[in-house]
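To start, the structure itself, in structure tokens.
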Amino acid sequence: MIISASTDYRAAAQRRLPPFLFHYIDGGAYAEHTLKRNVADLADIALRQRVLRDMSELNLGTELFGEQLALPVALAPVGLTGMYARRGEVQAARAAAAKGIPFTLSTVSVCPIEEVAPAIDRPMWFQLYVLKDRGFMKNALERAKAAGVTTLVFTVDMPVPGARYRDAHSGMSGPNAAMRRYLQAVTHPRWALDVGLLGKPHDLGNISTYRGNPTGLEDYIGWLGNNFDPSISWKDLQWIRDFWDGPMVIKGILDPDDARDAVKFGADGIVVSNHGGRQLDGVLSSARALPAIADAVKGELKILVDSGIRTGLDVVRMLALGADAVMLGRAFVYALAADGEAGVSNLLELIEKEMRVAMTLTGAKSIAEISRDSLVRELGA
Numbered sequence: 001m002i003i004s005a006s007t008d009y010r011a012a013a014q015r016r017l018p019p020f021l022f023h024y025i026d027g028g029a030y031a032e033h034t035l036k037r038n039v040a041d042l043a044d045i046a047l048r049q050r051v052l053r054d055m056s057e058l059n060l061g062t063e064l065f066g067e068q069l070a071l072p073v074a075l076a077p078v079g080l081t082g083m084y085a086r087r088g089e090v091q092a093a094r095a096a097a098a099k100g101i102p103f104t105l106s107t108v109s110v111c112p113i114e115e116v117a118p119a120i121d122r123p124m125w126f127q128l129y130v131l132k133d134r135g136f137m138k139n140a141l142e143r144a145k146a147a148g149v150t151t152l153v154f155t156v157d158m159p160v161p162g163a164r165y166r167d168a169h170s171g172m173s174g175p176n177a178a179m180r181r182y183l184q185a186v187t188h189p190r191w192a193l194d195v196g197l198l199g200k201p202h203d204l205g206n207i208s209t210y211r212g213n214p215t216g217l218e219d220y221i222g223w224l225g226n227n228f229d230p231s232i233s234w235k236d237l238q239w240i241r242d243f244w245d246g247p248m249v250i251k252g253i254l255d256p257d258d259a260r261d262a263v264k265f266g267a268d269g270i271v272v273s274n275h276g277g278r279q280l281d282g283v284l285s286s287a288r289a290l291p292a293i294a295d296a297v298k299g300e301l302k303i304l305v306d307s308g309i310r311t312g313l314d315v316v317r318m319l320a321l322g323a324d325a326v327m328l329g330r331a332f333v334y335a336l337a338a339d340g341e342a343g344v345s346n347l348l349e350l351i352e353k354e355m356r357v358a359m360t361l362t363g364a365k366s367i368a369e370i371s372r373d374s375l376v377r378e379l380g381a
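Just so we're aligned: 128 in UniProt numbering is position 128 of the sequence shown, and the numbers increase by one with no gaps anywhere.
Given below as structure tokens:
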């Protein structure tokens, strides 16, 4: 049964990818309750259908941080995207640019900033973690500026890595992981040829550029574990705010008080996010956390949201709950793994079509008209 394009792409990605890569993108932390709630809670949000309102003209565009977007959507930062298709970050960035929306490059991407930025005809965004190696952070910021990156997305919900047990079972980590990954690769020949052989180098491009030597997949988990900084606090971000003169977005907000702190800090935006259920299992889904955060800070900065968004209908739901825009993560990576740039382009086209249907049948002629009034209050408020 076809439920959504993302569901179909997920199934195609599972067939194509070695298990360690599929489960890395598909899995969450601990027992994965929050991972499941992200999707289920969003699906439970009921929209208020309206009819006979002359919906012949719709405007899906919006402005975000001085940029005109064709849709209120950005592609989220996803680590190792270049392992899901040949030079995957470049392919995804091209699809996003062609659609007129931002692509956000991850700190731990396969393709470095210097490879992705020249491949597209619009500025990209860059995501940075809080790391113990402040030299790397400064180097990454300098390189992002030089490449014309417009918006910095600063991820703050990973002071420590989450407990992702699927990775140990799948071969991403754990005993004999390298051998297990090799055996999985050779049993998936299409991926092994297209990405495994022709998609090299398989290193963390941004980190390798800084270190001057390859940082490969075998170093990925260890490097991250050694460099995340549990001592981080708001004051530690001030030097970044002072250095970065463009828009700065704080990603990983789930509590209204933290959202208020982001306003005090001077952030230009926040991303309401539980890291796709990959950090602390048992926290609120993004759909449940969003309304209270919107009530607290709406209008004082831009509110983005991720986690659980799979369709254009989900985009409209999140906008109705108080977001200004959404970020797509897993949904675009499934499509990328299944069919490269063409898959991501097709997914974005389908999301636009689904948004048009939802806006037409809820009486919202523009993104600005999508609001709490678009919801059935008994179920969605």
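Yeah, the Cβ is synthetic: ideal placement off N, Cα and C, and Gly gets one too.
Everything numeric in this text was worked out from a predicted model, so none of it was measured.
>> Judging by CA-CA distance, which residue of Lys264, Val249, Phe228 and Leu284 is the nearest neighbour of Asp255?
In response: Residue mapping note: residue 255 aligns to position 255 of the sequence shown, counting from 1. Per the Cα distances, Leu284.
>> Pull the bridge partners of Met248 from the DSSP assignment, please.
In response: The sequence position of residue 248 within the sequence shown is 248, counting from 1. BP columns for Met248 point to Leu152.
> Since Lys298 contacts Val271 with CB under 8 angstroms, what's their CB separation in whole angstroms?
Replying inline: Here residue 298 is taken as the residue at index 298 of the sequence shown, counted from 1. Here residue 271 is taken as the residue at index 271 of the sequence shown, counted from 1. Lys298 to Val271, Cβ: 15 angstroms. No contact.
> Do you know whose CA, among Thr151, Asp373, Leu141 and Ile367, lies nearest Asn59's CA?
Replying inline: Counted from its first residue, the sequence shown places residue 59 at position 59. That would be Ile367, whose Cα lies nearest to the Cα of Asn59.
> What whole-angstrom Cβ distance do Glu70 and Gly100 have, given they're in contact under 8 angstroms?
Replying inline: Within the sequence shown, numbered from 1, the residue matching residue 70 stands at position 70. Within the sequence shown, numbered from 1, the residue matching residue 100 stands at position 100. Before going on, a small fix: residue 70 reads as Ala here, not Glu. About 3 angstroms separates the two Cβ atoms, so the contact holds.
> Between Arg181 and the rest of its own chain, which residues show a CB-CB distance below 6 angstroms, the 5 nearest in sequence each way excluded?
Replying inline: Numbered from 1 along the sequence shown, position 181 holds the residue referred to as residue 181. Phe20 and Gly171, listed in sequence order.
>> Is the beta carbon of Ala323 closer than 8 angstroms to that of Ile351?
In response: Position 351 of the sequence shown, counted from the first residue, corresponds to residue 351. Position 323 of the sequence shown, counted from the first residue, corresponds to residue 323. With a cutoff of 8 angstroms on beta-carbon distance, Ile351 and Ala323 are scored as not near each other.
> Under a Cβ-count criterion, where at least 16 other Cβ atoms within 10 Å of its own Cβ denotes burial, should Thr187 be classed as buried or exposed?
Replying inline: Start at 1 with the first residue of the sequence shown, and residue 187 comes out as number 187. Burial call: exposed.
>> Using a Cβ-Cβ cutoff of less than 8 angstroms, which residues in the same chain neighbour Pro247 once the five nearest sequence positions on both sides are dropped?
In response: Indexing the sequence shown from 1 puts residue 247 at position 247. Once the five neighbours on either side are set aside, the close Cβ partners of Pro247 are Phe65, Gly66, Thr150, Thr151, Leu152, Asp268 and Gly269.
> Just reading off the beta strand (DSSP E) that Tyr129 is part of, what are its end residues?
Replying inline: If you number the sequence shown from 1, residue 129 lands on position 129. Where Tyr129 is concerned, the enclosing beta strand (DSSP E) stretches over Trp125 to Tyr129.
>> If I follow the unbroken alpha helix (DSSP H) through Gln238, where does it start and stop?
In response: Here residue 238 corresponds to residue number 238 of the sequence shown, with the count starting at 1. Where Gln238 is concerned, the enclosing alpha helix (DSSP H) stretches over Gln238 to Phe243.
> Helix, strand or coil: which one does DSSP assign to Gly216?
Replying inline: Within the sequence shown, residue 216 is the residue found at index 216, counting from 1. For Gly216, the three-state secondary structure derived from DSSP is strand.
> What are the boundary residues of the alpha helix (DSSP H) that Gly340 is part of?
Replying inline: Locating residue 340 in the sequence shown gives position 340, counting from the first residue. That run of the alpha helix (DSSP H) goes Arg330 to Thr362.
> For Asn139, which residues of its own chain have a beta-carbon under 6 angstroms away from its beta-carbon, when the five flanking residues on both sides are left out?
Replying inline: Stepping through the sequence shown from its first residue, residue 139 is reached at position 139. For Asn139, where only same-chain residues beyond five positions count, the Cβ hits under 6 angstroms are Tyr210.
>> What residue range does the alpha helix (DSSP H) around Gln91 cover?
In response: Your numbering for residue 91 matches position 91 in the sequence shown. Here the alpha helix (DSSP H) through Gln91 covers Gly88 to Lys99.
> Roughly how many angstroms lie between the CA atoms of His33 and Asn274, to the nearest whole one?
Replying inline: Within the sequence shown, numbered from 1, the residue matching residue 33 stands at position 33. Within the sequence shown, numbered from 1, the residue matching residue 274 stands at position 274. Taking the straight line joining both Cα atoms gives about 12 angstroms.
> Just reading off the alpha helix (DSSP H) that Ala163 is part of, what are its end residues?
Replying inline: Against the sequence shown, residue 163 aligns to sequence position 163. Per DSSP, Ala163 belongs to no alpha helix (DSSP H) and is neither H nor E.
>> Quick check on Lys145: does DSSP put it in helix, strand or coil?
In response: Counting from one through the sequence shown, the residue named residue 145 turns up at place 145. DSSP places Lys145 in helix when its eight states are reduced to three.
> Would Val376 pass as a contact of Leu80 if the rule is Cβ separation under 8 angstroms?
Replying inline: Position 376 of the sequence shown, counted from the start, is the residue given in the question as residue 376. Position 80 of the sequence shown, counted from the start, is the residue given in the question as residue 80. No, Cβ-Cβ distance for Val376 and Leu80 is not below 8 angstroms.
>> Restricting to Cα atoms, I'd like to know which of Val316, Asp314 and Leu204 is closest to Asp136.
In response: Mapped onto the sequence shown, residue 136 falls at position 136. It should be noted that the sequence gives Phe, not Asp, for residue 136. Nearest of Val316, Asp314 and Leu204 to Phe136, Cα basis: Leu204.
> Which partner residues does Ala287 have in the DSSP bridge list?
Replying inline: Indexing the sequence shown from 1 puts residue 287 at position 287. BP columns for Ala287 are empty, so no partner.
>> Here's a check: name, in chain order, each residue in its chain whose Cβ is nearer than 6 angstroms to the Cβ of Met55, leaving out the five neighbours to either side.
In response: Within the sequence shown, residue 55 is the residue found at index 55, counting from 1. Same-chain partners within the cutoff: Thr360.
> What did DSSP end up calling Ile253 once you bin it into helix, strand or coil?
Replying inline: The residue given as residue 253 occupies position 253 in the sequence shown. DSSP places Ile253 within a strand segment (E or B) once states are collapsed to three.
>> For a quick check, are the C-beta atoms of Arg190 and Arg16 less than 8 angstroms apart?
In response: Reading the sequence shown from its first residue, position 190 is the one you call residue 190. Reading the sequence shown from its first residue, position 16 is the one you call residue 16. Yes.
> In terms of residue numbering, what span does the beta strand (DSSP E) encompassing Thr62 cover?
Replying inline: Walking along the sequence shown from the start, residue 62 turns up at place 62. Thr62 to Leu64 is the span of the beta strand (DSSP E), which, as asked, contains Thr62.
>> As a quick exercise: from His23, Lys36, Arg87 and Val39, pick the residue whose alpha carbon is nearest that of Asp339.
In response: Taking the first residue of the sequence shown as position 1, residue 339 is located at position 339. For Asp339, the closest alpha carbon among the candidates His23, Lys36, Arg87 and Val39 is that of Arg87.
> Can you tell me the Cα-Cα spacing of Val78 and Ser109, whole angstroms?
Replying inline: Position 78 of the sequence shown, counted from the first residue, corresponds to residue 78. Position 109 of the sequence shown, counted from the first residue, corresponds to residue 109. If I take the Cα positions, the gap works out to 7 angstroms.
>> By the three-class DSSP mapping on this structure, what secondary structure does Gly269 have?
In response: If you number the sequence shown from 1, residue 269 lands on position 269. Note: Gly269 maps to strand in three-state DSSP.
> Would Glu341 be called buried (16 or more neighbouring beta carbons within 10 Å of its own) or exposed?
Replying inline: Walking along the sequence shown from the start, residue 341 turns up at place 341. Glu341 is buried by the Cβ-count criterion.
>> Can you confirm whether the region 117 to 125 touches the region 231 to 239 when touching is taken to mean that 3 or more C-beta pairs between the two stretches lie within less than 8 angstroms?
In response: The region 231 to 239 vs the region 117 to 125: no contact.
>> Counting C-beta neighbours from all protein chains within 10 Å, is the total for Glu142 16 or more, i.e. buried, or is it exposed?
In response: Position 142 of the sequence shown, counting from 1, holds the residue named residue 142. So Glu142 counts as exposed.
>> Helix, strand or coil, according to DSSP, for Lys200 in the structure here?
In response: Within the sequence shown, the letter at position 200 stands for residue 200. DSSP places Lys200 in coil when its eight states are reduced to three.
>> Looking at Val76: is its Cβ nearer than 8 angstroms to the Cβ of Thr107?
In response: Position 76 of the sequence shown, counted from the first residue, corresponds to residue 76. Position 107 of the sequence shown, counted from the first residue, corresponds to residue 107. Note on residue identity: the sequence assigns Ala, not Val, to residue 76. No, they are not a contact pair.
> For the beta strand (DSSP E) that contains Glu114, what are its first and last residues?
Replying inline: Position 114 of the sequence shown, counting from 1, holds the residue named residue 114. Premise fails: Glu114 lies in the alpha helix (DSSP H), Ile113 to Val116, not in any beta strand (DSSP E).
> Where do the ends of the alpha helix (DSSP H) carrying Val186 lie?
Replying inline: One-based indexing of the sequence shown puts residue 186 at position 186. Ala177 to Val186 is the span of the alpha helix (DSSP H), which, as asked, contains Val186.
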